[in-house]
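Residue numbers (the numbering used here), protein chains in the order written: chain A, 190 to 677; chain B, 190 to 677. Just so it is clear, CB atoms sit at the ideal spot from N, CA and C, and this is done for glycine as well. Given the structure is predicted, the values throughout are model-derived calculations rather than measurements. Everything on this sheet refers to the single structure shown next.
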């Protein structure tokens, strides 16, 4: 054990909010990404990755959470003096891409993306500062049919992610409908509109009473903090609340309620027509009321949405490592963003998209799956001078399709067996002097051994019997090990 | 076309060195990552991702290229006042991970990683500031057998990446051998040692004469820039040059040359013994002289290596988009880094690893593969009021296993056909009023159509004949389209 001369050692600690990801977590992420990407691909989208960095001005300020340095992004100065930041979603960079390459792109342009995005937020449990998002976007598509297809894609993506029909729901609203109800309520000041939208957005969490306070004078939360309200009179607040609560048992019923609420308002009639067309295409695509509902309480925080918006809610609860039920709520969302490309070019390009957050889902799936995966077969090394022999045997196993490694630590037999247990190895292979002389190997089936041990009282007798342990000719090593691995 | 009021629009440009990645590029990357990860997994390594950021002090200063701001990394200040940086490789973060969790890890600890790393370097052609690396590391393994296995893994990874035996070579050297020859040459000053190593590292590029100048007085390059040399006398420089050129036709021949060169030096004898043991395990693993050679000119820039070092060289040239041959040289490398965990803990933990750079390789593979992938079948929309019908037909095709989309732009028939061509669609489906009345669909086989068009002189006659176009009953749409897609 040598010690470096420098006593001022760095601390072995990780920046907060960026968890190390285990094999189980990575496998769950990969499985979700592959399944969801396959849906997008089947619907005609092509993969495109726009890279981790954009200029700060290209990203724009669209994040809902702006109480952080750099407005919620990780930004730094490039060596040419420009400021660049890690993407916080896939949509803003896509707008830059379309603006940069629009002459050469097919019209419409359909792309999907699967990769990390970064948010400079306060980290917390299940709240990561890096997470994987899988997005599909259609650019150059106007009209509710495109939004309806995006909602259908969202439903299919949820099912590909393992949520059966009935275990998830896509909840759909429209900025047009929100505009209409605010018009009817006489809310025209942009700041007041913002306060109203933030209040409605909390309907799921705070219920009718909480939102009522936020639309009126304001609300004091459990901690005693006071949030100033929109200051609306009771009648106006009532209209907005009725709107937010208009979701009924089916899309048709919700629509009929909204027709009454928004009657006599032009914007409202356009909103209703939009909902009708969305419903028609959803129905043609087999997306029933269980899969997609109209829900006027959906707002979506991102500032760039201009039309229909929707959220994918996971209804099925997951069990965490301690067996407690975890409800996820929204795991994805999307909507229409017709002005995002125009930020760059001045020309409006209608677009709609959907994004599902994979990392939280994967963490839940990995926690629920539990249990260690089967490890490699370990070829022990009895004599360090003959390690090449063990290496060759492990190579023979791998060539025979068996995951296998040579023990390359410096410890003796007991530690090697402990290592094999630790790795959840199905078997170990041992060649000592005696085996070598007789042209055989000793194979220990660790699962059979453990099962036998569990059923035996007399430890001494058991040890002499060595259950699960047997000899095999070298020529049969691979086939005997394969039998064990297939049972494991 | 609405125009936003704000005239000061952001520029649609990308930060340099972070290329947008096409579907072909992403597919090539994914294929390489999967193939190489499968090799690592088969050898008993488990996946672990340590996340994008580390504290700057945990990363340490090991990069060879330090002529950039922040010493070649992308760094920023976190909101708790600590400085964090994007990882520049997978090895330094692994050392942090092992130091942080060492009590709970299996010993040895074998992990693999596949993900992006970031270097704040001057971007250039095929020189990206983000690239994917696939690493395997074994921690807690001392002795040359572990290095030999790592070299064998490197060879297998190259073959999994598509390079046949003979199209790549793993070139192996040892810091011990480099120490030995510098001892014999009397080079003991650390700065002079650094100059000597940098000179030897350029042997591939500059040849014997170039390196001779860099070991002596110095060298003026083509641009007129002068690089100061190590200032060694001719005799000492001669010994170092003989060493760097000692690679012979086989590992055994190279070893016999090195034995002579390093004779009478203790360090040299230990280096020879190390090479002998590596050779023995490589031979047991079937890694022949074509797959792995001893090459004393290999240095490896990273400062943290302490023992055997090796590079994976791709010998087979690739063709770029213009048909020119591109030689890649080194696409990966690795070696022993026994002191990296001790930076944190003070206790030496022997470790060895290998890393292959996937992004450059993938770019080459994507360029060589060329050609557009087959696109989706496009269901045209003749009447915007009946878009739901087209949506349902596309859904039917997808349910039948066919990649398909509805045309959701706002253009007419000609533009829709142009779009289908642009997407490399195998076929389009058309339902006009006439077809609807008769319960049929019109299918255009675009490949058959294009082939027929190429063989026809009389454009007018051809247009009337409409080759590749036929009608089918709605009930046969999926099966007829499938036939076309399978031929495409």
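Residue i - DSSP class collapsed to helix/strand/coil
{"i": "residue 520 (chain B)", "result": "strand"}
{"i": "residue 492 (chain B)", "result": "coil"}
{"i": "residue 526 (chain B)", "result": "coil"}
{"i": "residue 436 (chain B)", "result": "coil"}
{"i": "residue 562 (chain B)", "result": "coil"}
{"i": "residue 197 (chain A)", "result": "coil"}
{"i": "residue 544 (chain B)", "result": "strand"}
{"i": "residue 537 (chain A)", "result": "coil"}
{"i": "residue 289 (chain A)", "result": "helix"}
{"i": "residue 225 (chain B)", "result": "helix"}
{"i": "residue 662 (chain B)", "result": "strand"}
{"i": "residue 407 (chain A)", "result": "strand"}
{"i": "residue 487 (chain A)", "result": "coil"}
{"i": "residue 251 (chain A)", "result": "coil"}
Neighbour flag for residue i against chain B, beta carbons, 8 Å
{"i": "residue 664 (chain A)", "result": "no"}
{"i": "residue 569 (chain A)", "result": "no"}
{"i": "residue 456 (chain A)", "result": "no"}
{"i": "residue 256 (chain A)", "result": "Unreliable placement is indicated for residue 256 (chain A), whose pLDDT of 45 sits below 50; the coordinate value is still reported in the next sentence. Cβ-Cβ to chain B under 8 Å: no for residue 256 (chain A)."}
{"i": "residue 483 (chain A)", "result": "no"}
{"i": "residue 231 (chain A)", "result": "yes"}
{"i": "residue 334 (chain A)", "result": "yes"}
{"i": "residue 525 (chain A)", "result": "no"}
{"i": "residue 292 (chain A)", "result": "no"}
Proximity below 8 Å, CB of residue i to CB of residue j
{"i": "residue 354 (chain B)", "j": "residue 348 (chain B)", "result": "yes"}
{"i": "residue 235 (chain A)", "j": "residue 300 (chain A)", "result": "yes"}
{"i": "residue 212 (chain B)", "j": "residue 593 (chain B)", "result": "no"}
{"i": "residue 405 (chain A)", "j": "residue 415 (chain A)", "result": "no"}
{"i": "residue 374 (chain B)", "j": "residue 421 (chain B)", "result": "yes"}
{"i": "residue 272 (chain A)", "j": "residue 239 (chain A)", "result": "no"}
{"i": "residue 325 (chain B)", "j": "residue 340 (chain B)", "result": "no"}
{"i": "residue 557 (chain B)", "j": "residue 483 (chain B)", "result": "no"}
{"i": "residue 360 (chain B)", "j": "residue 502 (chain B)", "result": "yes"}
{"i": "residue 276 (chain B)", "j": "residue 241 (chain B)", "result": "yes"}
{"i": "residue 546 (chain A)", "j": "residue 520 (chain A)", "result": "yes"}
{"i": "residue 251 (chain B)", "j": "residue 491 (chain B)", "result": "yes"}
{"i": "residue 489 (chain B)", "j": "residue 524 (chain B)", "result": "yes"}
One or two residues paired with residue i in a DSSP bridge
{"i": "residue 305 (chain B)", "result": "B:321"}
{"i": "residue 165 (chain A)", "result": "With chain A covering only 190 through 677, there is no way to say anything about residue 165 (chain A)."}
{"i": "residue 497 (chain B)", "result": "B:363"}
{"i": "residue 316 (chain B)", "result": "B:313"}
{"i": "residue 358 (chain B)", "result": "B:502"}
{"i": "residue 425 (chain A)", "result": "Answer is none; residue 425 (chain A) lacks a bridge partner."}
{"i": "residue 594 (chain B)", "result": "B:567"}
Residue i at chain A interface by Cβ criterion, 8 Å
{"i": "residue 237 (chain B)", "result": "yes"}
{"i": "residue 670 (chain B)", "result": "no"}
{"i": "residue 321 (chain B)", "result": "no"}
{"i": "residue 555 (chain B)", "result": "no"}
{"i": "residue 494 (chain B)", "result": "no"}
{"i": "residue 280 (chain B)", "result": "no"}
{"i": "residue 191 (chain B)", "result": "Summary for residue 191 (chain B): the model assigns pLDDT 45, below 50, so the residue's position carries little reliability; its value from the coordinates is reported in the next sentence. Yes, its Cβ sits closer than 8 Å to a Cβ of chain A."}
{"i": "residue 194 (chain B)", "result": "Bear in mind that a pLDDT of 48 at residue 194 (chain B), under 50, signals an unreliable position, so the model cannot answer this."}
Same chain only: Cβ atoms within 8 Å of residue i, ignoring 5 sequence neighbours per side
{"i": "residue 193 (chain B)", "result": "Unreliable placement is indicated for residue 193 (chain B), whose pLDDT of 47 sits below 50; the coordinate value is still reported in the next sentence. If we look at residue 193 (chain B) and ignore the five residues flanking it on each side, it has no Cβ neighbours."}
{"i": "residue 624 (chain B)", "result": "630, 631 and 660"}
{"i": "residue 226 (chain B)", "result": "236, 301, 303 and 323"}
{"i": "residue 479 (chain B)", "result": "354, 355 and 358"}
Spatial neighbours of residue i in its chain, beta-carbon cut-off 7 Å, leaving aside the 5 residues before and after
{"i": "residue 400 (chain A)", "result": "388, 389, 391, 392, 430 and 433"}
{"i": "residue 368 (chain A)", "result": "456"}
{"i": "residue 437 (chain A)", "result": "443 and 446"}
{"i": "residue 255 (chain A)", "result": "Only weak support exists for where residue 255 (chain A) lies, its pLDDT of 48 falling under 50; the value from the coordinates is given anyway. Correct list, in chain order: 261."}
{"i": "residue 565 (chain B)", "result": "592, 593, 594, 612 and 614"}
{"i": "residue 214 (chain A)", "result": "551, 552 and 555"}
Residues near residue i in its chain [Cβ-Cβ closer than 6 Å; skip 5 each side]
{"i": "residue 595 (chain A)", "result": "568, 579, 580 and 583"}
{"i": "residue 658 (chain A)", "result": "633"}
{"i": "residue 282 (chain A)", "result": "239, 243 and 276"}
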